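A short write-up of the structure that comes next.
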Amino acid sequence: MSLSLGEIAAALGGELLGDAALVVDRLAPLTSAGPEAISFLSHARYRKELAATRAACVIVAPAMRDEAAARGACLVVDDPYLYFARLTQLWKARHARAVPPGIHPTAVVDAEARIDPTATIGPLCVVERGAVIGAGTVLKSRVTVGEDCTIGARCLLHPGVVIGADGFGLAPHQGAWVKIEQLGAVRIGDDVEIGANTCIDRGALEDTVIEDGVKLDNLIQIGHNVRVGRNTAMAGCVGVAGSADIGAQCTIGGGAVVLGHLKLVDGVHVSAATVVTRSILKPGQYTGVFPFDDNAAWERNAATLRHLHQLRERLRALEKNAASGQTP
Amino acid sequence: MSLSLGEIAAALGGELLGDAALVVDRLAPLTSAGPEAISFLSHARYRKELAATRAACVIVAPAMRDEAAARGACLVVDDPYLYFARLTQLWKARHARAVPPGIHPTAVVDAEARIDPTATIGPLCVVERGAVIGAGTVLKSRVTVGEDCTIGARCLLHPGVVIGADGFGLAPHQGAWVKIEQLGAVRIGDDVEIGANTCIDRGALEDTVIEDGVKLDNLIQIGHNVRVGRNTAMAGCVGVAGSADIGAQCTIGGGAVVLGHLKLVDGVHVSAATVVTRSILKPGQYTGVFPFDDNAAWERNAATLRHLHQLRERLRALEKNAASGQTP
Amino acid sequence: MSLSLGEIAAALGGELLGDAALVVDRLAPLTSAGPEAISFLSHARYRKELAATRAACVIVAPAMRDEAAARGACLVVDDPYLYFARLTQLWKARHARAVPPGIHPTAVVDAEARIDPTATIGPLCVVERGAVIGAGTVLKSRVTVGEDCTIGARCLLHPGVVIGADGFGLAPHQGAWVKIEQLGAVRIGDDVEIGANTCIDRGALEDTVIEDGVKLDNLIQIGHNVRVGRNTAMAGCVGVAGSADIGAQCTIGGGAVVLGHLKLVDGVHVSAATVVTRSILKPGQYTGVFPFDDNAAWERNAATLRHLHQLRERLRALEKNAASGQTP
Chain E
1190 MSLSLGEIAA
1200 ALGGELLGDA
1210 ALVVDRLAPL
1220 TSAGPEAISF
1230 LSHARYRKEL
1240 AATRAACVIV
1250 APAMRDEAAA
1260 RGACLVVDDP
1270 YLYFARLTQL
1280 WKARHARAVP
1290 PGIHPTAVVD
1300 AEARIDPTAT
1310 IGPLCVVERG
1320 AVIGAGTVLK
1330 SRVTVGEDCT
1340 IGARCLLHPG
1350 VVIGADGFGL
1360 APHQGAWVKI
1370 EQLGAVRIGD
1380 DVEIGANTCI
1390 DRGALEDTVI
1400 EDGVKLDNLI
1410 QIGHNVRVGR
1420 NTAMAGCVGV
1430 AGSADIGAQC
1440 TIGGGAVVLG
1450 HLKLVDGVHV
1460 SAATVVTRSI
1470 LKPGQYTGVF
1480 PFDDNAAWER
1490 NAATLRHLHQ
1500 LRERLRALEK
1510 NAASGQTP
Chain A
1190 MSLSLGEIAA
1200 ALGGELLGDA
1210 ALVVDRLAPL
1220 TSAGPEAISF
1230 LSHARYRKEL
1240 AATRAACVIV
1250 APAMRDEAAA
1260 RGACLVVDDP
1270 YLYFARLTQL
1280 WKARHARAVP
1290 PGIHPTAVVD
1300 AEARIDPTAT
1310 IGPLCVVERG
1320 AVIGAGTVLK
1330 SRVTVGEDCT
1340 IGARCLLHPG
1350 VVIGADGFGL
1360 APHQGAWVKI
1370 EQLGAVRIGD
1380 DVEIGANTCI
1390 DRGALEDTVI
1400 EDGVKLDNLI
1410 QIGHNVRVGR
1420 NTAMAGCVGV
1430 AGSADIGAQC
1440 TIGGGAVVLG
1450 HLKLVDGVHV
1460 SAATVVTRSI
1470 LKPGQYTGVF
1480 PFDDNAAWER
1490 NAATLRHLHQ
1500 LRERLRALEK
1510 NAASGQTP
Chain W
1190 MSLSLGEIAA
1200 ALGGELLGDA
1210 ALVVDRLAPL
1220 TSAGPEAISF
1230 LSHARYRKEL
1240 AATRAACVIV
1250 APAMRDEAAA
1260 RGACLVVDDP
1270 YLYFARLTQL
1280 WKARHARAVP
1290 PGIHPTAVVD
1300 AEARIDPTAT
1310 IGPLCVVERG
1320 AVIGAGTVLK
1330 SRVTVGEDCT
1340 IGARCLLHPG
1350 VVIGADGFGL
1360 APHQGAWVKI
1370 EQLGAVRIGD
1380 DVEIGANTCI
1390 DRGALEDTVI
1400 EDGVKLDNLI
1410 QIGHNVRVGR
1420 NTAMAGCVGV
1430 AGSADIGAQC
1440 TIGGGAVVLG
1450 HLKLVDGVHV
1460 SAATVVTRSI
1470 LKPGQYTGVF
1480 PFDDNAAWER
1490 NAATLRHLHQ
1500 LRERLRALEK
1510 NAASGQTP
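Residue numbers (the numbering used here), protein chains in the order written: chain E, 1190 to 1517; chain A, 1190 to 1517; chain W, 1190 to 1517.
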């Protein structure tokens, strides 16, 4: 597993300062890279690590050219992090065993499912009747795609993903629950990645929709009739309740919860573990997390928090008192 | 896929105002229904949508009869939402391909498991020794039911469900952990629905118990020796720690956490993302969520929160001061 | 399924007071044990239950010897909870059907994976190329172990576990995301237990590392390049974001979230549902949970919380005012 610096520059561009014949065996972070590795500097704040690294070559932005060149070989590129991403792809393409497309013999694919011939259905997957899997899409192992759900092109679904289980629809009746059959499906666009054991429920009447370019991490729950807009990314363990409408280019931090029937416009960024309880109609960063503390401090503050409203009333009383005291 | 209004009324009751021969092709929300669709009005607050809808027929409560009839065909019923639920069931029964009961050839079912002949064990499920699957119960694909666990009648388990993995039982010993083998099982009643990738652990000594009519959404964790009472419903991503005893007719919102060994009486409603840290002995709605805000506002408030107890002390001092000032 | 008290004492030690020939059929908690059961008293605070239990024999600490002996047979041991854990193991070893090691015929194991002959690969598991499974390790059903991931000896992976899915690595580019291929793997030590549907992602460049003796409950998400130190235990639904470095002997409560790139030293204990937003460099117990309350009380307090910073400013103003008032 190796590439020369010349091969890298030829494939991905960038200005190479140094020996094009120099060969690297792996990609590594600056701090652990040895003379066999290529590394990258994504932010100037890591420049100290640049000076100290033993990497054979470092990918840097134009502003760091002189500093990097003084140290050894470097690749000067507009966006080192993006370049690094492309280099990981090049690396994988060159070194990973190619998995030929097709349906693994242990997968259970309904005769009425439509699988593009360039798609890959991995071991022990289940694709139900009427499901559609687009060109170049890969279902790793143990993925379920339910009836009539459609997955676009170039998607990647990791093990354990469940697309198209029933949404959670129940009508109360005499203390028990009557099931609302979920007659919609799930429609997933192109270039979507879905992490391990993530679930996207089918819609009640209409479809749950995941637009092009959406990236979902592991163990995420997407309820029925949710829309997730183009290029939105969600970190692990997020829960999105039914009929939430999330815009494009949003990011949702790990463990966050978005309640049902809310609207988040494009460009909303929700911090990890935040609970979104009302619609957000203005782009920006939103947060709601209890600041953690050592347990004793937390206990004192949490106990007081349960009387916060009273505290405000007492403060008001003092203010009135002070105001009247000042008016002789 | 179509039904006439007359067929619907004949099957489910209700008073039909309009042409019994009129045929609908789908169920749809009021706002997106066209003349090919039947819709429903669940709350008077959506009456504006009633006026505007293009639906062929609307299911309404008696109070809305005149308004609905003025617009076109309608079905007048006591509880439109319940009627809608039953209509989805009718729809599915008429239009979905019937899955014959039985064990899919790719399922791995122990010879000593007892599967009712009317049950359905889907593709790639695992049913271990001594497990019991009741009449009419359906395990969709990729469900595991562990040794000696019992599932009642008419249950529905979605893909990826794990029933009867070991509870998390550990005894500390010299800095390491000694496993407590989990000798109990899981007992699930009738008419229980369990969402995709949800896990219910087996008990340590006695059984984990899920009573009749319980509805669990996706990605829920139920620890060992928990009891979930009759007809309780939990939304996605809930975590219930070991030995919690949750009553009947409760609802637990998405992402909520119930700590171990707590008791929740019947009729407790826990809001989404709330952490239940002590027993709840009175029915009602309970909440504990940090209100989210734009990030800057949150930062200010969260920083202050870490000094809340001190604020109270300062307020007390001022009050004392004021009181003594007033006593000349 | 039965053991005599003599057999138990011979296998596990302890001082038996009572009839060694007495046979017990099951292990049970003090409160539900009948004369066919053996039970244990883990804490003196349950001594009332000791007096009332109908158990044939109770495992107790030396301090409880007289109280226990007065009641009936007992086993006096240094650490009753540890002894109980070992008794569950003895019970299981004696009574459970031995599962012979080997690869279940429905498992999909790559020819280039290395499976120790004493390991057990259960039904419908997937083990990819280059993966290594150590001696005595058990993969229950439906576990995926990805390419090049290594699992040590005596590990137990519950159904639905996913080891080595891609970490969530993305570089932003013109409003879309470019995938960072995840070139690292997952390295898991010896004696690790991993709960149902838990996911551990492969590293971006280097490996995600789970050290010896770690115990993970169900539905946990471990991001790429995380390190979890020796003997650390995490309860269900925890999320650990990428590159977090968690020390040894830590405990992380259920539903807690640890953000990325943070360091937790050895011996840190995080309470359930706490969000760790900065590194913790001192051992101890840490908590950050919004105290729940009845909904109306919560609403009042939460509304006030959104103005907490202002409250502090108002308090300051009053304090100044009071101070200047006192200085004539």
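Where a beta carbon is used, it is the ideal one built from N, C-alpha and C, also for glycine. Predicted model, so just to flag it, every value in this text is computed and none were measured.
{"Query": "Report the CB separation of Asn1484 of chain W from Thr1421 of chain A in whole angstroms; it is logged as a contact under 8 Å.", "Result": "Asn1484 of chain W to Thr1421 of chain A, Cβ: 18 Å. No contact."}
{"Query": "Checking the sheet assignment: what are the DSSP bridge partners for Ile1322 of chain W?", "Result": "W:Ile1304 and W:Ile1340"}
{"Query": "Taking C-beta to C-beta, are Tyr1270 of chain E and Ala1360 of chain W nearer than 7 Å?", "Result": "yes"}
{"Query": "Applying the 10 Å Cβ sphere with the 16-neighbour rule, what's the burial state of Leu1328 of chain A?", "Result": "buried"}
{"Query": "If you draw a straight line from the alpha carbon of Ile1310 of chain W to that of Gly1402 of chain W, how long is it in whole angstroms?", "Result": "20 Å"}
{"Query": "Applying the 10 Å Cβ sphere with the 16-neighbour rule, what's the burial state of His1362 of chain A?", "Result": "exposed"}
{"Query": "Is it buried or exposed, Arg1505 of chain E, if we count other Cβ atoms within 10 angstroms and call 16 or more buried?", "Result": "exposed"}
{"Query": "Within a Cβ cutoff of 6 Å, which residues of the same chain sit near Ala1430 of chain A, ignoring the five residues on either side of it in sequence?", "Result": "Gly1412, Leu1448 and Gly1449"}
{"Query": "Quick check: the Cα distance between Thr1516 of chain W and Arg1495 of chain A, rounded to an integer number of angstroms?", "Result": "Per-residue confidence for Thr1516 of chain W stands at a pLDDT of 45, beneath the threshold of 50, marking its modelled position as unreliable; no derived number is given."}
{"Query": "Counting only Cβ-Cβ distances shorter than 7 Å, please list the residues of the region 1260–1271 of chain E near chain W, keeping chain order.", "Result": "Tyr1270 and Leu1271"}
{"Query": "Starting from the beta carbon of Pro1480 of chain A, find every residue of chain W whose beta carbon is closer than 8 Å, and list them in chain order.", "Result": "Ala1491, Ala1492, Leu1494 and Arg1495"}
{"Query": "Can you check DSSP and say which residues form a bridge with His1496 of chain A?", "Result": "Answer is none; His1496 of chain A lacks a bridge partner."}
{"Query": "Using a Cβ-Cβ cut-off of less than 9 Å, list which residues of the region 1496–1507 of chain A approach chain W; keep chain order.", "Result": "His1496, Leu1497, Leu1500, Arg1503, Leu1504, Ala1506 and Leu1507"}
{"Query": "Of the choices A:Val1367, A:Cys1314 and A:Ala1365, whose alpha-carbon is the least far from that of Leu1346 of chain A?", "Result": "A:Cys1314"}
{"Query": "Along chain E, which residues have their Cβ under 9 Å away from the Cβ of Asp1337 of chain W?", "Result": "What Asp1337 of chain W touches in chain E: nothing, since even the nearest Cβ is about 10 Å away."}
{"Query": "Counting only Cβ-Cβ distances shorter than 7 Å, please list the residues of the region 1461–1477 of chain E near chain A, keeping chain order.", "Result": "Thr1463, Val1464, Val1465, Thr1466, Gly1473, Gln1474, Tyr1475, Thr1476 and Gly1477"}
{"Query": "To the nearest angstrom, how far is the alpha carbon of Trp1280 of chain A from that of Ala1385 of chain E?", "Result": "33 Å"}
{"Query": "Output the boundary residues of the beta strand (DSSP E) element that contains Tyr1270 of chain W.", "Result": "It is not in any beta strand (DSSP E) - Tyr1270 of chain W instead sits in the alpha helix (DSSP H) that spans Pro1269 to His1284."}
{"Query": "Tell me which residues share the same chain as Ser1231 of chain W and place their Cβ nearer than 6 Å to its Cβ, disregarding the 5 neighbours each side in the sequence.", "Result": "Pro1269 and Tyr1270"}
{"Query": "Since Val1381 of chain W meets chain E, which of its residues come closer than 7 Å, beta carbon to beta carbon?", "Result": "Chain E residues near Val1381 of chain W: none, gap ~18 Å exceeds 7 Å."}
{"Query": "Verify whether the separation of the beta carbon atoms of Phe1481 of chain W and Phe1479 of chain E is less than 7 Å.", "Result": "no"}
{"Query": "Quick check for students: name the residue ranges of the alpha helix (DSSP H) that lie wholly in the region 1440–1475 of chain W, counting only runs of 4 or more.", "Result": "none"}
{"Query": "Give me the Cα-Cα distance between Trp1487 of chain E and Arg1376 of chain A, rounded to the nearest whole angstrom.", "Result": "38 Å"}
{"Query": "Confirm, please, whether the CB-CB distance from Ala1257 of chain E to Val1247 of chain E is below 7 Å.", "Result": "yes"}
{"Query": "Where Lys1368 of chain A and Phe1273 of chain W are concerned, what is the direct C-alpha to C-alpha distance, given to the nearest angstrom?", "Result": "10 Å"}
{"Query": "Under 7 Å between C-beta atoms, does Gly1428 of chain A make it to chain W?", "Result": "yes"}
{"Query": "Could you pull the DSSP bridge partners for Val1398 of chain A from this structure?", "Result": "A:Arg1376 and A:Arg1416"}
{"Query": "Quick check: what's the CA-CA separation for Ile1399 of chain W versus Gly1418 of chain W?", "Result": "7 Å"}
{"Query": "If I follow the unbroken alpha helix (DSSP H) through Asp1255 of chain A, where does it start and stop?", "Result": "Arg1254 to Arg1260"}
{"Query": "Taking 7 Å as the CB-CB cut-off, is Trp1280 of chain A touching chain W?", "Result": "no"}
{"Query": "Distance cutoff 7 Å, beta carbons only. Does Pro1224 of chain E sit that close to anything in chain W?", "Result": "no"}
{"Query": "Using a Cβ-Cβ cut-off of 7 Å, state whether Arg1331 of chain A counts as contacting chain E.", "Result": "yes"}
{"Query": "Taking 6 Å as the cut-off, is the beta-carbon of Gly1341 of chain W closer than that to any non-hydrogen atom of the ligand SAM?", "Result": "Inclusion of the ligand SAM in the displayed structure is not the case, the ligand content being empty and no account of it being possible."}
{"Query": "Quick check on Arg1234 of chain A: buried or exposed, where buried means 16 or more other Cβ atoms within 10 Å of its Cβ?", "Result": "exposed"}
{"Query": "Taking only three categories from DSSP, how would you classify Arg1489 of chain E?", "Result": "helix"}
{"Query": "When the Cα atoms are used, what is the spatial distance from Arg1260 of chain W to Ala1240 of chain W?", "Result": "7 Å"}
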